[in-house]
Amino acid sequence: MFFRVMESSRLPDLVRGFAQDHEVIGPVAKDDRFVFATIDDPAELRLDYDTTLLPPKKLFFPAEDQLMRFRVADNEVLDDEVFAAPRVLFGVHPCDINALLLMDNIFLKDYVDPYYKARRDATLIVGISCVPSEECFCNAWGTDEAHWGFDIFLTDLGDRYFISVRSVKGAELLDDFVETREITDADTADFQRVTAERKEMFAEDLDTSQLPLLLDAKFDSPVWDALGERCLSCGACSMVCPTCYCFDVRDDLAPDQKTGTRSRLWDSCQFSEFSAVAHGQNFRDSRASRVKYRYYHKQWGYLSKFERVLCVGCGRCARACAANITPREVVSALAKGGFE
Ligand code: SF4
Ligand code: SF4
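Basically the working numbering = 1-based index in the sequence shown + 318.
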């Protein structure tokens with residue numbers, strides 16, 4: 319990795335440069351919130367966003383994704399190619415960059431998912447530093463900074479950006495489109511100051527150091543029953559989560575019944591049908607068991623396989639939950655043995 323500095327006024331040039339050969343996708347305002355959308359004009363970019371409604375996962379693992387068409391008579395697959403046009407995902411926060419790395423473990427390791435891989439390979443990631451909001455607790459997992467998973471990363475120093483360049487492609491594009499300069503000691507000092515100030519902005523620290531132990535010990539805790547009483551099984555927490563990846567597969571036949579499409583759709587372990595199997599059995603038919611499962615999968619099961627928890631502390635689930643169930647509250651309740 320190496321570092322450069324770019325004047326803030328050059329940012330629109332950088333976006334316009336990327337747009338010559340790529341679709342540029344970045345955060346834009348939508349009502350009083352933000353979403354990732356195609357950028358037609360650099361002025362649309364809102365790099366001051368807190369968080370987006372849906373995470374960048376929707377660009378790699380869409381909510382509904384047609385995987386193939388097929389012919390019924392002979393089961394012939396007619397069309398299973400995925401075309402991924404080159405694009406730049408501009409303005410991704412560290413938590414969402416880290417979330418994509420966690421998704422990579424699922425979609426690119428034991429079994430390489432060609433749909434996810436094609437989109438991942440076609441996408442350059444430009445990260446941006448952020449200001450923590452009230453719901454953020456990425457600092458609890460060490461995902462408040464991104465050291466990998468981007469091509470270039472912009473840290474806002476006010477009048478200029480401190481640019482971390484991680485990939486050759488990122489370096490080339492930066493060189494092609496915008497004037498940058500070598501970093502000075504003053505730039506480095508400002509970068510360190512801004513980074514340290516940001517760490518002070520987080521709401522109270524969430525102590526997660528005991529979490530795997532707590533989960534081992536609290537499997538039968540009344541905390542889960544209390545959460546089950548409140549949970550609405552709406553699945554919103556999973557839908558907005560940058561690291562939830564469960565999906566359903568659905569076949570739809572054409573009206574003439576001769577061909578059909580196979581699609582992948584986001585699913586949620588919080589839905590009552592999620593764990594239903596043949597013969598009318600359901601392994602998790604209570605809301606308490608489903609809430610519990612989500613926490614055990616994220617903070618225990620995934621951890622045991624990949625040595626990271628499957629959460630980046632983005633706070634989206636806390637914002638989305640109509641029952642006000644938040645990871646911060648759940649972790650605290652487990653530690654204290656109940657709700658206050
Ligand atoms: S569980 Fe909640 S805080 Fe953690 S990554 Fe998912 S949405 Fe973000
Ligand atoms: S968003 Fe809240 S209410 Fe809905 S399933 Fe998740 S925890 Fe339950």
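A virtual CB, placed ideally from N, CA and C, is assigned to each residue, including glycine.
According to DSSP, residues forming a beta bridge with residue i
{"i": "Q384", "result": "S581"}
{"i": "F480", "result": "V323, T473"}
{"i": "V353", "result": "V346"}
Three-state secondary structure (DSSP) of residue i
{"i": "K348", "result": "strand"}
{"i": "D519", "result": "The question names Asp, yet the displayed sequence has Met at residue 519. Residue state, collapsed to three classes: coil."}
{"i": "N600", "result": "strand"}
{"i": "A402", "result": "coil"}
{"i": "R634", "result": "helix"}
{"i": "F657", "result": "coil"}
{"i": "E452", "result": "coil"}
{"i": "L624", "result": "In the sequence as displayed, the identity of residue 624 is Phe instead of Leu. Helix, per DSSP."}
{"i": "E497", "result": "coil"}
{"i": "F336", "result": "helix"}
{"i": "T526", "result": "coil"}
Check whether residue i and residue j have beta carbons under 8 Å apart
{"i": "M421", "j": "K376", "result": "no"}
{"i": "G655", "j": "A458", "result": "no"}
{"i": "P360", "j": "F352", "result": "no"}
{"i": "I443", "j": "V323", "result": "no"}
{"i": "A402", "j": "A381", "result": "no"}
{"i": "V567", "j": "R548", "result": "no"}
{"i": "L621", "j": "P530", "result": "yes"}
{"i": "A464", "j": "F471", "result": "yes"}
{"i": "A641", "j": "L550", "result": "yes"}
{"i": "V609", "j": "W542", "result": "yes"}
Continuous beta strand (DSSP E) stretch holding residue i: start and end
{"i": "L472", "result": "470–474"}
Residue burial classification, residue i (beta-carbon count within 10 angstroms, cutoff 16)
{"i": "W584", "result": "buried"}
{"i": "L419", "result": "buried"}
{"i": "F468", "result": "buried"}
{"i": "W466", "result": "exposed"}
{"i": "V649", "result": "buried"}
{"i": "F666", "result": "Nothing about residue 666 can be read from this structure; the chain reaches only from 319 to 658."}
{"i": "P373", "result": "buried"}
{"i": "H597", "result": "exposed"}
heavy atom of ligand 3 below 7 Å from residue i C-beta
{"i": "G578", "result": "This structure simply doesn't include ligand 3; it includes ligand 1 and ligand 2 instead."}
Bounding residues of the alpha helix (DSSP H) (the contiguous stretch that carries residue i)
{"i": "V648", "result": "645–654"}
{"i": "R548", "result": "540–548"}
{"i": "R364", "result": "No alpha helix (DSSP H) holds R364; DSSP gives it neither H nor E."}
{"i": "V567", "result": "No alpha helix (DSSP H) contains V567, which is instead part of the beta strand (DSSP E) from 565–571."}
{"i": "D414", "result": "412–425"}
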